[in-house]
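For reference, the structure is listed below as structure tokens.
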Amino acid sequence: MNLRDLQYVLLVAEHRHFGRAAEAANVSQPTLSAQIKKLEDELGVMLFERDSRNVALTQAGSAVVAEARKALMHVDAMRDAARVHNDPLGGELRLGVIASLSPFLVPDMLERLQFDAPRMRMVVHEGLTDALVASVVNRELDAAVIATDVTHDGLVEMPLFEEPFLLAHAKGHALGQQPVARLADIGEGKLLLLDEGHCLRDQALDVCLMESVDTRVKATSLTTLLRLVEMNRGVTLLPALAARIAGDVELRPLQDPGAMRKVRMIYRKNYLRDGALDVVGRAARDVAAEMGIGN
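First residue of the sequence shown: 727, per the numbering used here; consecutive thereafter.
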């Protein structure tokens, strides 16, 4: 038994198909099948039920897959330890960033990190909060920048900055006639939100505390949302870092305390490269500070 065998088992379990697993492993299907059969013989159990169409894990296979995943995670941890010892700010760092923040934060962060940590190779994954958190827990990502409270015993968070929400409405909208912008006034217009699954949608609803707002019109990106606002289809709450893409939409600061989201970086408790994350966190804070956004 070796690490390669365990990787093959996980690939077959993931793809439920020997051919696709072999393709993912960059080996021939007979080679992969032979290694799986050899491992089954060594363990004395069948890991997969096979027929002409389907591949399914046996009960023993499910238990072996769980242990194989743990073993490979420990191997990754050993490699991390060696890499940190050799060069704490070098090597690859896999960072997840929520989709409503990534376009406005990541490019400037990467530019700063070219100077602060030139040997670090950042690999950025943009996604939704739940998927990013799961990827950090499963060691697929080293850390993630999110804006939602997460309660997980294996994770810790590093506060980065508080990002205010701005009220966005079309020019000439009735809300623009009022001397100050307040959340309570949003009830006079239709609140446009991102689609289900985006944390920004949940944050906007939490901030507004308005269940009666018409939220039937939803968008999948901030760009689409702003174009709908520009067409006077409704109003929205825009994170301050996204103000640069507002176009002809009018933006107004909200007078309500708490009209903001708390941006933080999450990572595993046992993560060894905390020095590298400190550098990444500082870069994120500096980018926000340049736009007048801070703690």
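Every residue, glycine too, gets a C-beta built ideally from N, C-alpha and C.
Output yes or no for whether 7 Å exceeds the beta carbon distance between residue i and residue j.
i: residue 806; j: residue 998; result: yes
i: residue 739; j: residue 791; result: yes
i: residue 883; j: residue 987; result: no
i: residue 1020; j: residue 830; result: no
i: residue 745; j: residue 755; result: yes
i: residue 822; j: residue 867; result: yes
i: residue 835; j: residue 768; result: no
i: residue 1007; j: residue 814; result: no
i: residue 859; j: residue 832; result: no
i: residue 896; j: residue 958; result: yes
i: residue 795; j: residue 885; result: no
i: residue 824; j: residue 872; result: yes
i: residue 828; j: residue 793; result: no
In the DSSP output, which residue or residues are listed as bridge partners for residue i?
i: residue 945; result: 920
i: residue 960; result: Residue 960 pairs with nothing; no bridge assigned.
i: residue 988; result: 888
i: residue 965; result: 891
i: residue 1016; result: Note: residue 1016 sits in no beta bridge, so no partner.
i: residue 824; result: 853
i: residue 979; result: 892
i: residue 994; result: 881
i: residue 1032; result: Any question about residue 1032 goes unanswered here, given that the chain covers just 727 to 1021.
i: residue 907; result: 980
Leaving aside the five residues before and after residue i along the sequence, list all residues of the same chain whose C-beta is less than 8 Å from its C-beta, in chain order.
i: residue 838; result: 1009, 1012, 1013
i: residue 764; result: 731
i: residue 798; result: 729, 732, 733, 736
i: residue 783; result: 739, 773, 774, 775, 791
i: residue 907; result: 893, 901, 978, 979, 980, 981
i: residue 862; result: 822, 868, 869, 870, 881, 992, 993, 994
i: residue 780; result: 742
i: residue 1016; result: 834
So, for residue i: in the same chain, excluding its five sequence neighbours on each side, which residues have a beta-carbon less than 6 Å away from its beta-carbon?
i: residue 939; result: Here the model assigns residue 939 a pLDDT of 48, short of 50, so the residue's position is not dependable, and the following value carries that caveat. Taken in chain order, the residues that qualify are 917.
i: residue 968; result: 830, 948
i: residue 962; result: 894, 918, 951, 955
i: residue 1005; result: 842, 843
i: residue 964; result: 892, 894
i: residue 771; result: 786
i: residue 753; result: none
Does at least one heavy atom of the ligand COA sit under 6 Å from the Cβ of residue i?
i: residue 1001; result: With respect to the ligand COA, the structure shown offers nothing to examine, as it has no ligands at all.
What does the Cβ neighbour count give for residue i, buried or exposed, with the cut at 16 atoms within 10 Å?
i: residue 971; result: exposed
i: residue 846; result: buried
i: residue 742; result: exposed
i: residue 841; result: exposed
i: residue 721; result: The question about residue 721 has no answer here: the residues shown for the chain are numbered 727 through 1021.
i: residue 975; result: buried
i: residue 826; result: buried
i: residue 1018; result: exposed
i: residue 789; result: exposed
i: residue 960; result: buried
i: residue 747; result: buried
i: residue 808; result: exposed
Can you list, in chain order, the residues of its chain with a C-beta nearer than 7 Å to that of residue i? Leave out the 5 residues immediately preceding and following it.
i: residue 801; result: 729
i: residue 937; result: Any reading at residue 937 needs caution, since the residue's pLDDT is 49, under 50, leaving its predicted position unreliable; the model's value is listed next. Once the five neighbours on either side are set aside, residue 937 has no close Cβ partner at all.
i: residue 818; result: 847, 849
i: residue 865; result: 799, 802
i: residue 766; result: 772, 773
i: residue 1003; result: 869, 884, 991, 993
i: residue 985; result: 890, 891, 909, 933
i: residue 816; result: 845, 846
- Note down, one range per segment and in chain order, each alpha helix (DSSP H) of at least 4 residues found wholly within the segment 843 to 884. 855 to 863
- Item | Minimum length 3: unbroken beta strand (DSSP E) runs contained in the segment 756 to 805 | With a minimum length of 3 residues, the continuous beta strand (DSSP E) runs that stay inside the segment 756 to 805 are 774 to 776, 781 to 783.
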